[in-house]
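*Asks:* Using this note's numbering, read the sequence shown as starting at 87 and increasing by one per residue.
The beta-carbon is built from N, C-alpha and C at its ideal position, and this holds for glycine as well.
Here it is, the structure in full.
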Amino acid sequence: MIKSNFKFQDNNLNQVRVIEDIFYRYDPSFYLDSYDILFIKDFNDNKIFKKEFNCIINSFEVIYNESNQTEDILFIANLNYNKLPIDIFNELYFYDYNQDKLNKIETFDGFKLDLRKYDNNKNRFSFIGYEIKDKDNFQKFKQSINDSYTFLEFFKENTNKLITQEIFEQKYYSIYLIDLDFKDSCYKLKKIEKLVNDDIFIGNHLLRDIPILGFKTYKWVSKNAIAFTQTKNANVFINLIDVNNKSIVSFGNYFKGDILDYCVKENKIYLVGINLFNKDKSINYLPEIFEIDLTLKNVNKLTNFNEELSREIERMGVSSIKVLEYEKDGADAWAIYKDDLIKGDIFYIHGGPHAAYGNTIMLEFIILANNGYRVFFSNPKGSVSYTLDFANCIIGKWMNEDLNHIKNIIDSIKLKFNIKDLVVAGGSYGGYMSAALISKFNIFKGAVCERGVYNLLSFISTTDFPLFWLPYFKKNNIFELLDISPIKYYENIDTNVLIIHSEGDFRCPISQAEELYTLLKINNKNNKIVRFIRFPIDTNHDMSRTSNIYYKSLRISYILQFLNEIFND
Numbered sequence: 087m088i089k090s091n092f093k094f095q096d097n098n099l100n101q102v103r104v105i106e107d108i109f110y111r112y113d114p115s116f117y118l119d120s121y122d123i124l125f126i127k128d129f130n131d132n133k134i135f136k137k138e139f140n141c142i143i144n145s146f147e148v149i150y151n152e153s154n155q156t157e158d159i160l161f162i163a164n165l166n167y168n169k170l171p172i173d174i175f176n177e178l179y180f181y182d183y184n185q186d187k188l189n190k191i192e193t194f195d196g197f198k199l200d201l202r203k204y205d206n207n208k209n210r211f212s213f214i215g216y217e218i219k220d221k222d223n224f225q226k227f228k229q230s231i232n233d234s235y236t237f238l239e240f241f242k243e244n245t246n247k248l249i250t251q252e253i254f255e256q257k258y259y260s261i262y263l264i265d266l267d268f269k270d271s272c273y274k275l276k277k278i279e280k281l282v283n284d285d286i287f288i289g290n291h292l293l294r295d296i297p298i299l300g301f302k303t304y305k306w307v308s309k310n311a312i313a314f315t316q317t318k319n320a321n322v323f324i325n326l327i328d329v330n331n332k333s334i335v336s337f338g339n340y341f342k343g344d345i346l347d348y349c350v351k352e353n354k355i356y357l358v359g360i361n362l363f364n365k366d367k368s369i370n371y372l373p374e375i376f377e378i379d380l381t382l383k384n385v386n387k388l389t390n391f392n393e394e395l396s397r398e399i400e401r402m403g404v405s406s407i408k409v410l411e412y413e414k415d416g417a418d419a420w421a422i423y424k425d426d427l428i429k430g431d432i433f434y435i436h437g438g439p440h441a442a443y444g445n446t447i448m449l450e451f452i453i454l455a456n457n458g459y460r461v462f463f464s465n466p467k468g469s470v471s472y473t474l475d476f477a478n479c480i481i482g483k484w485m486n487e488d489l490n491h492i493k494n495i496i497d498s499i500k501l502k503f504n505i506k507d508l509v510v511a512g513g514s515y516g517g518y519m520s521a522a523l524i525s526k527f528n529i530f531k532g533a534v535c536e537r538g539v540y541n542l543l544s545f546i547s548t549t550d551f552p553l554f555w556l557p558y559f560k561k562n563n564i565f566e567l568l569d570i571s572p573i574k575y576y577e578n579i580d581t582n583v584l585i586i587h588s589e590g591d592f593r594c595p596i597s598q599a600e601e602l603y604t605l606l607k608i609n610n611k612n613n614k615i616v617r618f619i620r621f622p623i624d625t626n627h628d629m630s631r632t633s634n635i636y637y638k639s640l641r642i643s644y645i646l647q648f649l650n651e652i653f654n655d
């Protein structure tokens, strides 16, 4: 048995550190001097073997070595390039723990993650990846990563070239099938084959405020078939691919909505999810367990675990999620509210920006709706699950392409629902965009800015992977970032603002919130509410989704308090 165990003692946030690398921490709140440890237990003699690779292991599998009848380890990780747990630096390795010998298995240059194997096929594996096409410049990029000056010079020379697009833009990942041979005392690549074409967003990309634990993007279901999830047009569904002829059978016509976990057994798929095609679905799309019969091609709902909660929410009078018709430029939008109680309206912008809202559960929206607030949310330009052009069109164009599109959506919703006063809200990129909107348009009743970035100039030098953002924004002069930073326009902000941030946020450091809060306090000429909710060091950038129930509840209570104050003035 092989077990991966995290070395928490090296991750003490209160200890003194000597820092010499530009990459030294990573959200959620851990330092890169922390790493995974492999423990290997031999059940024949009960001995435990421990191996430290000084890196974060993305995924691993056990491979049976017939020649010496031992089990060895195949894993994907970044053993070079500052040990960053970023998929573009990952490589495939074989480790012979009997001889304490490590070998790299050559595949291709590019992104690699989620190693899997089919249990009954000893030397056949698969992983998700993207092969870099600009190979020459990719080698130069990897050489530059350990030298900050060289890194920035490289991207100044390659701003509009293919390599920059491949590294920083959204892309279609594929599933790769690999066969291995054992030669000269180590495993070598025998064959590599691409299974999925470049037109599918593989995986579940929907945002929700409940964590998915242990979710697998894809799974082997037989010797010749792989099941994988796909996100398309704000829905998640499941597909089967035949690894021999690469044909794909989609079950999107039987189950579509959100999939939180799944398994396949004897021509049936069992999954935890939210099915839009479910005839007796609860009005709030709460998840249940479903069975998809691959032979009969039908879906059966197996459980009613959330029936009581669904009835309770129904008694609250909260409506089902309404899909809004917004066709201009292509964007999905939704609304959720109580028909008999509307105290105010709030428009949410998701983070990422390359993520997506969708037909899934957002308990926060249900709670706000139950308290009388009509909640709107949408997938503007930059969102995934549509086309690559739709996702990538805002790169290098923040506070321009994205701002105008979101403003158009807001104007359409205000007109359709005859809204006078609207609060804008969002987290991370959504926090940035909320601040950007109130700095450009004096039309909002208030804003809830959470875990956002408000000064891009200071952000690129304080975030957990600082060098990456300058090429993403396509700026050769860092001071140009001020032009697309909300704090540059702080004097224009004349509305109520609630700022929520975590001290343990390494992605968007808390200094971002401190800068915005201080400038708004200085400029508060008309005695508006300017409030800063500061969560402690044991919370991180993902606090609203993965923190404990106390912090989650407290956060929503602060938002409700803010809304009640400004809509009752």
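Note down the Cα distance separating leucine 523 from serine 464, rounded to an integer number of angstroms.
*Replies:* Position 437 of the sequence shown, counted from the start, is the residue given in the question as residue 523. Position 378 of the sequence shown, counted from the start, is the residue given in the question as residue 464. So the alpha carbons of these two residues sit roughly 15 Å apart.
*Asks:* I'd like the list of long-range same chain contacts for isoleucine 570, defined as Cβ closer than 7 Å, with 5 residues on each side in sequence excluded.
*Replies:* Mapped onto the sequence shown, residue 570 falls at position 484. So the qualifying residues of the chain are Trp484, Met485, Leu542.
*Asks:* How many angstroms separate the CA atom of asparagine 44 from the CA atom of asparagine 223?
*Replies:* Look at the range of the chain in this structure, 87 to 655, and you will see that residue 44 is not part of it.
*Asks:* Which residues in the same chain as lysine 502 place their Cβ atom closer than 8 Å to its Cβ, once the five residues preceding and following it in sequence are excluded?
*Replies:* In the sequence shown, counting from the first residue as 1, residue 502 sits at position 416. Hits under 8 Å: Leu410.
*Asks:* Which stretch, first to last residue, makes up the beta strand (DSSP E) that contains tryptophan 420?
*Replies:* Position 334 of the sequence shown, counted from the first residue, corresponds to residue 420. 419-422 is the span of the beta strand (DSSP E), which, as asked, contains tryptophan 420.
*Asks:* According to DSSP, which residues form a beta bridge with glutamine 316?
*Replies:* Translated into the one-based positions of the sequence shown, residue 316 becomes position 230. Looking at the DSSP assignment, glutamine 316 forms a beta bridge with Ile288, Phe323.
*Asks:* Indicate the three-state DSSP secondary structure (helix, strand or coil) for alanine 522 in the structure shown.
*Replies:* As a working note, residue 522 is residue 436 in the sequence shown. Alanine 522 falls in the helix class under three-state DSSP.
*Asks:* Please work out which residues of its chain come closer than 7 Å, Cβ to Cβ, to phenylalanine 135, disregarding the five sequence neighbours upstream and downstream, and give them in chain order.
*Replies:* For the purposes of this step, residue 135 is taken as residue 49 along the sequence shown, with counting starting at 1. Closer than 7 Å at Cβ, skipping near neighbours: Ile126, Tyr183.
*Asks:* Within its chain, find whatever has a CB closer than 7 Å to the CB of glutamate 374; leave out the 5 residues flanking it on each side and keep chain order.
*Replies:* Locating residue 374 in the sequence shown gives position 288, where the first residue counts as 1. Answer for glutamate 374: Lys387, Thr389, Asn390, Phe391, Asn392, listed in chain order.
*Asks:* How many Å lie between isoleucine 214 and serine 260 at the Cα?
*Replies:* Within the sequence shown, the letter at position 128 stands for residue 214. Within the sequence shown, the letter at position 174 stands for residue 260. Going by the C-alpha atoms only, they are around 6 Å apart.
*Asks:* Quick check: the Cα distance between leucine 124 and valine 148, rounded to an integer number of angstroms?
*Replies:* Within the sequence shown, numbered from 1, the residue matching residue 124 stands at position 38. Within the sequence shown, numbered from 1, the residue matching residue 148 stands at position 62. Going by the C-alpha atoms only, they are around 12 Å apart.
*Asks:* So, helix, strand or coil for glutamate 279, using DSSP?
*Replies:* As a working mapping, residue 279 is identified with position 193 in the sequence shown. For glutamate 279, the three-state secondary structure derived from DSSP is strand.
*Asks:* Run through the stretch 106-130 for me and flag every whole beta strand (DSSP E) of 3 or more residues, listed as ranges in chain order.
*Replies:* 122-128
*Asks:* Excluding sequence positions up to five away, which residues of its chain have a Cβ less than 6 Å from the Cβ of valine 350?
*Replies:* Taking the first residue of the sequence shown as 1, we reach residue 350 at position 264. Only Val307, Ala313 meet the Cβ criterion.
*Asks:* Using DSSP bridges, identify the partner residues of tyrosine 259.
*Replies:* On the sequence shown, residue 259 is found 173 positions in, with the first residue counted as 1. For tyrosine 259, which the question treats as bridged, DSSP gives no partner whatsoever.
*Asks:* Pull up the CB-CB distance for leucine 508 and lysine 500, whole angstroms please, since I reckon it's below 8 Å.
*Replies:* Taking the first residue of the sequence shown as position 1, residue 508 is located at position 422. Taking the first residue of the sequence shown as position 1, residue 500 is located at position 414. At roughly 6 Å, the Cβ-Cβ gap stays under 8 Å, so leucine 508 and lysine 500 are in contact.
*Asks:* Classify tyrosine 258 as buried or exposed, calling it buried when 16 or more other Cβ atoms lie within 10 Å of its own Cβ.
*Replies:* Taking the first residue of the sequence shown as 1, we reach residue 258 at position 172. Exposed, by the Cβ-count rule.
*Asks:* Helix, strand or coil for threonine 156, going by three-state DSSP, please let me know.
*Replies:* Taking the first residue of the sequence shown as 1, we reach residue 156 at position 70. The answer is strand: DSSP assigns threonine 156 an E or B state.
*Asks:* Hey, isoleucine 318 and isoleucine 286: beta-carbon distance below 9 Å or not?
*Replies:* By 1-based counting over the sequence shown, the position of residue 318 is 232. By 1-based counting over the sequence shown, the position of residue 286 is 200. Correcting the residue type first, residue 318 is lysine in the shown sequence and not isoleucine. Yes.
*Asks:* Measuring CA to CA, which of Tyr150, Gln185, Lys190 is closest to asparagine 164?
*Replies:* Taking the sequence shown and counting its residues from 1, one reaches residue 164 at position 78. Ranking the options by Cα distance to asparagine 164, first place goes to Lys190.
*Asks:* Can you check the stretch 459-534 for any beta strand (DSSP E) of at least 3 residues that lies completely inside it and give the ranges in chain order?
*Replies:* Taking 3 residues as the minimum length, the beta strand (DSSP E) runs contained wholly in the stretch 459-534 are 459-464, 508-513, in order along the chain.
*Asks:* With a threshold of 8 Å, are at least 3 pairs of Cβ atoms found where one atom belongs to the stretch 446-458 and the other to the stretch 415-431?
*Replies:* The stretch 446-458 vs the stretch 415-431: in contact.
*Asks:* In angstroms, rounded to a whole number, what distance separates the CA positions of glutamine 251 and aspartate 475?
*Replies:* Along the sequence shown, one-based indexing puts residue 251 at 165. Along the sequence shown, one-based indexing puts residue 475 at 389. Roughly 12 Å between the two C-alpha positions.
*Asks:* Write down the C-beta distance between tryptophan 555 and threonine 549 rounded to the nearest angstrom, noting that I regard them as a contact closer than 8 Å.
*Replies:* In the sequence shown, the residue the question calls residue 555 occupies position 469. In the sequence shown, the residue the question calls residue 549 occupies position 463. Contact flag correct, Cβ pair sits at about 7 Å.
*Asks:* Which of the three DSSP states, helix, strand or coil, is assigned to arginine 103?
*Replies:* Mapped onto the sequence shown, residue 103 falls at position 17. DSSP places arginine 103 in coil when its eight states are reduced to three.
*Asks:* Hey, how far is the Cα of serine 525 from the Cα of lysine 493?
*Replies:* Counting from one through the sequence shown, the residue named residue 525 turns up at place 439. Counting from one through the sequence shown, the residue named residue 493 turns up at place 407. The alpha-carbon atoms of serine 525 and lysine 493 are separated by roughly 13 Å.
*Asks:* Given a threshold of 16 other Cβ atoms within 10 Å of its Cβ, counted over all protein chains shown, does serine 271 qualify as buried or as exposed?
*Replies:* In the sequence shown, the residue the question calls residue 271 occupies position 185. Serine 271 should be labelled exposed.
*Asks:* Is glutamate 659 buried or exposed, if buried means 16 or more other CB atoms sit within 10 Å of its CB?
*Replies:* With the chain covering 87 to 655 only, the question about residue 659 has no answer from this structure.
*Asks:* Determine the extent of the alpha helix (DSSP H) in which lysine 638 is found, giving its start and end residues.
*Replies:* Numbered from its first residue, the sequence shown carries residue 638 at position 552. Unbroken alpha helix (DSSP H) run through lysine 638: 635-653.
*Asks:* Would you identify the three-state DSSP class for phenylalanine 341, choosing helix, strand or coil?
*Replies:* Start at 1 with the first residue of the sequence shown, and residue 341 comes out as number 255. Note: phenylalanine 341 maps to coil in three-state DSSP.
*Asks:* Can you tell me the Cβ-Cβ gap for asparagine 321 and glycine 343, rounded? I've got them flagged as a contact below 8 Å.
*Replies:* Residue 321 sits at position 235 when you count from the first residue of the sequence shown. Residue 343 sits at position 257 when you count from the first residue of the sequence shown. Asparagine 321 to glycine 343, Cβ: 6 Å. Contact.
*Asks:* As a quick exercise: from Ile162, Tyr150, Asn132, pick the residue whose alpha carbon is nearest that of cysteine 141.
*Replies:* If you number the sequence shown from 1, residue 141 lands on position 55. Answer by Cα proximity: Ile162.
*Asks:* Nearest to phenylalanine 301 by CA position, among Asp200, Glu243, Leu362, Glu601, is which residue?
*Replies:* Mapped onto the sequence shown, residue 301 falls at position 215. Minimum Cα distance to phenylalanine 301 is reached at Asp200.
*Asks:* Would a C-beta distance cut-off of 9 Å place isoleucine 564 and leucine 553 closer than the cut-off?
*Replies:* Taking the first residue of the sequence shown as 1, we reach residue 564 at position 478. Taking the first residue of the sequence shown as 1, we reach residue 553 at position 467. Result no, Cβ atoms of isoleucine 564 and leucine 553 do not sit closer than 9 Å.
*Asks:* Do you know how far the Cα of asparagine 244 is from the Cα of lysine 280?
*Replies:* Position 194 of the sequence shown, counting from 1, holds the residue named residue 280. Position 158 of the sequence shown, counting from 1, holds the residue named residue 244. When only Cα atoms are considered, lysine 280 and asparagine 244 end up about 28 Å apart.
*Asks:* Rounded to whole angstroms, what's the CA-CA distance from asparagine 339 to asparagine 562? Just pull it up for me.
*Replies:* Here residue 339 refers to the residue found at position 253 when the sequence shown is read from its first residue. Here residue 562 refers to the residue found at position 476 when the sequence shown is read from its first residue. Going by the C-alpha atoms only, they are around 47 Å apart.
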